[in-house]
Structures are given as C-alpha cells and as structure tokens.
Amino acid sequence: MASRSFFVGGNWKMNGNKESLTELMGSLNTAILQEETEVVCAVPSIYLDFARSSLDPRIGVAAQNCYKVAKGAFTGEISPAMIKDCGAEWVVLGHSERRHVFGEGDELIGQKVAHALESGLGVIACIGETLAEREAGTTEEVVFAQTQVIAENVIDWGKVVLAYEPVWAIGTGETATPEQAQEVHEKLRAWLRANVSDDVADSLRIIYGGSVTAATCRELASQGDVDGFLVGGASLKPEFVDIVNARTLLLCMFNTDRPKSHTSRHDVSGSVITNTF
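Right, dumping it as structure tokens:
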C-alpha cells in the first residue's frame, strides 16, 4: 500500500442550491471521515464563501476553475485571489468538461496552473484521453503531453494533485477497471521520474476520476499508484463517505484476516461502517 496520503475530491459541478447543499454539508460535517484522508469539495463559484463557512474546517474547499491573471476585463471569470478571499484553498484546472465543452487547450490550462500556484492555491490538475484516443492506442501520448504542459508551469509540486480522468468514463457510468487505472497511473509516475524527479514521482498524489462510486472505489483504492479519487455525481450522495473512507476500509478488511489484529481492527471497521450516513 502506498505511503502517500489519500486524497478525495468531490466535484459538485453545476449542481445544488442553498437548501440542498446545506443538507449535504450537514451530513458531511457529522460523518466519520478518516483523518488519514484529505477531503476537498469543489463547489460552484457562487457558493464558495457559503461552503467555506458551512463545512467543517477538516474539509477543504476548491473552486472548479480560475483565470490566468489576477484581475481585469474578463467578464464571467474568477481569479485565484478572489477564490482565496472566499476562504477556499484549492482549484480544479484542466477538467475534461473545461477542455471539451469550453474549448480550453493545454497552453491556457498551463497558464492557469502557473498563476494559481503563484497565488498560493493548491491545484488539482486534470488529464485524460477520449475514447477515440484510447481506441487508437494513444493514451500514453495524450496524457504525457498534457502532463508535460502542467509540469512546465509547476513551481511547487507539494501543492499539486494530478487527476487522471479518462474522458470516456466521466458521467457515462463506465469506469476504468482497477487494472486500467493502475496501468496509466504507474506509467505517469514513471514519466514523472524520468522527466521531473524521483522525489516528485514518489510523493505526488495521482488520483482517479471517472464514474467513481461506492461499488467501485475499494478495488480502485487497492491499486498501488491510485492515491485517491476525483468524484463527480456520487459526491452529492450519501455514498461519498464510503468513497472517502475507501482506503481505510480496505486496510481494516486486510487486517481482519490477520489473527493478532482481528479484534481491534474489527472494532474500527465496524464504527466506520455503522456511522456512515
């Protein structure tokens, strides 16, 4: 099992209103979330301040986008400075919906990454191939090129999480198999080792996004190079807690098979399961 801390981001996308999000955040605040897992909710920009003031401090808040400069005549955009002013600590950049719905290219995404990091935000940087690219056998070429642009704009890897999200698995109900996810994550880590540094390759958290659910998360979490998840629709549902706790539950299940640890581990796993909302 990897020593890197687990990271789970919930991407609410353009969903929710104050009433429904108040209920969701109340449930998250009272849920048992494992301390070993870093949890961040990416909320619509209009609700950044509302989310930060409503969520327990142990849960981070992210914006879903930002622009590449601090201010100016850019109607409809939001700057890292504004995001920080609302109390949020993270931003999601390069999400496939930004790339494919809004036409954002690698160059712009790289510029956004650079400015967000310079401004002190943590960055969840997204990469991933389309179905056509996977079927053409160009997955590695695509994700390496996307990662290259991100790497060229990173000044502090300690504030970056890399999210691999195969476009063909986002919002489709399709999920990469644990083996498919591990294969890409492992190759990304090897690319980082060859092109950035051993330290970054060993320490950078590479998370998986693409129709992650409570039913699929444990097998994915068992893979050595999968360090967490970027969760879409399921982050708006009670099962999000099970996804957050996926690695801890996996460890508990592993240790229940070891006689010396059976009793104590059984108590821990029982409390997590029975208190999940």
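To convert, note that position 10 of the sequence shown is 9 in numbering that gives the first Met the number 0; the numbers rise steadily by one, no gaps. Where is the CB? At the ideal position from N, CA and C, for every residue including glycine. Quick caveat: nothing in here was measured; it's all calculated off a predicted structure.
Measuring CB to CB, does residue i end up less than 9 Å from residue j?
| i | j | result |
| --- | --- | --- |
| S210 | N10 | no |
| V225 | P177 | yes |
| A50 | C65 | no |
| L120 | W156 | no |
| N28 | I58 | yes |
| A281 | D105 | Residue coverage of the chain in this structure runs from 0 to 276, which leaves residue 281 outside it and unanswerable. |
| F6 | G208 | no |
| G12 | Y46 | Checking the sequence, you will find Lys at residue 12 rather than Gly. For K12 and Y46, no; Cβs fall outside 9 Å. |
| T36 | S2 | no |
| V112 | N152 | yes |
| A245 | R217 | yes |
| L161 | T171 | no |
If you reduce the DSSP assignment to three classes, tell me which class residue i lands in.
| i | result |
| --- | --- |
| T36 | strand |
| V267 | A caution first: V267 carries a pLDDT of 29, below 50, which makes its placement in the model unreliable, though a value can still be read off. Three-state result, V267: helix. |
| V243 | helix |
Just confirm the distance between the C-beta atoms of residue i and residue j, as a whole number of angstroms; I'd bet it's less than 8 Å.
| i | j | result |
| --- | --- | --- |
| V60 | G102 | The Cβ separation is near 27 Å, so there is no contact. |
| E117 | I154 | 7 Å |
| G109 | V148 | 4 Å |
| A220 | E238 | That belief does not hold up - the Cβ atoms of A220 and E238 are roughly 14 Å apart, past 8 Å. |
| G223 | Q181 | 7 Å |
| Q63 | P43 | 7 Å |
| C125 | H94 | 5 Å |
| V280 | T215 | In the structure displayed, the chain extends from 0 to 276; residue 280 sits before or after that span and is not available. |
Would the beta-carbon of residue i be found less than 8 Å away from any heavy atom of the ligand MN?
| i | result |
| --- | --- |
| E128 | The ligand MN is not part of the structure shown, which contains no ligands of any sort. |
Taking the runs of the beta strand (DSSP E) that are 3 residues or longer, which of them lie wholly in the segment 94-166? 121-126 and 159-163
Given 8 Å as the limit, is there contact between the segment 189-202 and the segment 111-129, that is, 3 or more CB pairs closer than that? no
Ignoring anything shorter than 4 residues, give me the alpha helix (DSSP H) runs that lie fully in the segment 186-238, in order along the chain. 197-202 and 216-220
Using a Cβ distance threshold of 8 Å, determine whether the segment 156-170 contacts the segment 129-138, with at least three qualifying pairs required. yes
Along the chain, which unbroken stretches of the alpha helix (DSSP H) at least 4 residues long are found entirely within the segment 20-92? 47-53 and 79-84
Between the segment 172-192 and the segment 200-208, do three or more beta carbon pairs fall short of 8 Å? yes
So, do the segment 50-59 and the segment 69-76 have three or more beta carbon pairs nearer to each other than 8 Å? no
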